[in-house]
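Reading through the structure tokens given below for one structure.
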DNA sequence: CATACCCATAACCCTACGGTTATGAATAAA
DNA sequence: TTTATTCATAACCGTAGGGTTATGGGTATG
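Chains as they are written, first to last, in the UniProt record's numbering: chain A, 1 to 107; chain B, 1 to 107.
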């Protein structure tokens, strides 16, 4: 039983937020300041996006002195993977059923 | 090169719309009227969602008399699958690099 | 022809939410 | 201790978009 992918889809729907998550996946742990550079938005905006990503379980934070390091938590993508393969599975099942039907009609 | 999953994420982010797509995947082709029943929203709302799904390539429509039949187009999920495995891949690469580093330090 | 049905579109409303600036708490540096 | 830095939160604004009702075009039915 996979948990609902609802929050995951909503969280990843925003391009800016998804870009931040992609950077964390590609480049590993980053501070808020580092993520703000070339994000195209202000530091508070980045903080809010990181908050949303954290609530969705997509990132972890680690405090060190006055800076906060964020890192991706890729296991959180599993419900998404489950959902897509489930959808593909339903499709395949109906294809198999159609195949069966055609075979029986063929006899 | 996978096409951008942006439109896909945005389209699937809405629960009502995603529920319609799920029904089409599970139960196969449906008319707008059939989809409206138990969708929890009005017929125009369903039509708008189907329009969005169609624009994202997630469904196809087929006109027959005065009714329109919609069916899921699961191949359209491929960019999503590509994106998730790419993210998982970046993660794995960085893990491998760390592993290498630890091995070299161990010598 | 008149009527009923199915769907799409238009016009509108309202909320969610992504952006901003302002500010403060916590920590490092002078 | 004073000053500077880093981040999070608050308060606010504007817009995108999902909901509704109203309506019309196209097709089947009486």
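Quick reminder that beta carbons are idealized off the backbone N, C-alpha and C, glycines included.
Inset, instruction - Could you list the residues in the region 77-107 of chain B with a C-beta less than 7 Å from some C-beta on chain A, going in chain order? - result: Residues passing the 7 Å Cβ filter: 77, 80, 81, 84, 87, 88, 90, 91, 94.
Inset, instruction - Give the residues from the region 19-36 of chain B that approach chain A closer than 8 Å (Cβ to any Cβ), ordered along the chain. - result: Per Cβ criterion, the list reads 21, 22, 25, 26, 28.
Legend entry - Cutoff 9 Å: residue 74(B) Cβ touching any chain A Cβ: For the purposes of this step, residue 74(B) is identified with residue 74 of the second chain, where counting begins at 1. It does; some Cβ of chain A falls within 9 Å.
Legend entry - Through-space distance from residue 60(B) to residue 43(B), alpha-carbon basis: As a first step, residue 43(B) must be located in the second chain, where it is residue number 43. As a first step, residue 60(B) must be located in the second chain, where it is residue number 60. C-alpha of residue 43(B) to C-alpha of residue 60(B): approximately 18 Å in a straight line.
Inset, instruction - Output, in chain order, the set of chain B residues within a Cβ distance shorter than 9 Å of residue 52(A). - result: Within the first chain, residue 52(A) is the residue found at index 52, counting from 1. Correct list: empty, because the minimum Cβ distance to chain B is about 13 Å.
Inset, instruction - Assign residue 73(B) to one of three DSSP states: helix, strand, or coil. - result: Looking up residue 73(B) in the second chain gives position 73. In this structure, residue 73(B) counts as coil in the three-state DSSP scheme.
Inset, instruction - Determine whether the Cβ of residue 38(A) lies closer than 9 Å to any Cβ atom of chain B. - result: For the purposes of this step, residue 38(A) is taken as the residue at position 38 of the first chain. No Cβ of chain B is located within less than 9 Å of the beta carbon of residue 38(A).
Inset, instruction - Give the straight-line distance between the Cα atoms of residue 104(A) and residue 25(A), rounded to the nearest whole angstrom. - result: Here the question's residue 104(A) lines up with position 104 in the first chain. Here the question's residue 25(A) lines up with position 25 in the first chain. In this model, residue 104(A) and residue 25(A) are separated by some 50 Å (Cα to Cα).
Legend entry - Validate contact between the region 23-39 of chain A and the region 4-24 of chain B using beta carbons, cut 8 Å, 3 pairs: Counting Cβ pairs under 8 Å, fewer than three are found: no touch.
Inset, instruction - List the residues of chain B that residue 6(A) touches, going by C-beta distances under 9 Å, in chain order. - result: Counting from 1 along the first chain, the entry for residue 6(A) is found at position 6. In chain order: 13, 15, 18.
Inset, instruction - Please work out which residues of its chain come closer than 6 Å, Cβ to Cβ, to residue 68(B), disregarding the five sequence neighbours upstream and downstream, and give them in chain order. - result: Mapped onto the second chain, residue 68(B) falls at position 68. By the criterion of a C-beta distance shorter than 6 Å, residue 68(B) is surrounded in its chain by 32, 61, once the five residues flanking it on both sides are discounted.
Inset, instruction - Look at the Cβ atom of residue 80(A), then the Cβ atom of residue 84(B), and state whether they are nearer than 9 Å. - result: Within the first chain, numbered from 1, the residue matching residue 80(A) stands at position 80. Within the second chain, numbered from 1, the residue matching residue 84(B) stands at position 84. For residue 80(A) and residue 84(B), yes; Cβs fall inside 9 Å.
Inset, instruction - Check whether the Cβ atoms of residue 13(A) and residue 12(B) lie closer than 9 Å to each other. - result: Residue numbering aside, residue 13(A) sits at position 13 when the first chain is read from its first letter. Residue numbering aside, residue 12(B) sits at position 12 when the second chain is read from its first letter. Yes.
Inset, instruction - Using a threshold of 9 Å, state whether the C-beta atoms of residue 72(B) and residue 58(B) are closer than that. - result: Sequence index remark: in the second chain, residue 72(B) carries index 72 (1-based). Sequence index remark: in the second chain, residue 58(B) carries index 58 (1-based). A contact, by the Cβ cut-off of 9 Å.
Legend entry - Residues of its chain near residue 20(A), where Cβ-Cβ distance is below 8 Å and the 5 sequence neighbours each way are ignored: On the first chain, residue 20(A) is found 20 positions in, with the first residue counted as 1. Cβ neighbours of residue 20(A) beyond the five flanking positions: 35, 39, 46, 49, 50, 53.
Legend entry - Helix, strand or coil at residue 37(B) [DSSP, three-state]: One-based indexing of the second chain puts residue 37(B) at position 37. It is coil, neither helix nor strand.
Legend entry - residue 66(B) - DSSP class collapsed to helix/strand/coil: Position 66 of the second chain holds residue 66(B). DSSP, reduced to helix, strand and coil, places residue 66(B) outside both helices and strands of the structure shown, so it counts as coil.
Inset, instruction - Classify residue 61(B) as helix, strand or coil using the three-state DSSP reduction. - result: Working through the second chain from its first residue, we reach residue 61(B) at position 61. In the structure shown, residue 61(B) falls within a strand segment according to DSSP collapsed to helix, strand and coil.
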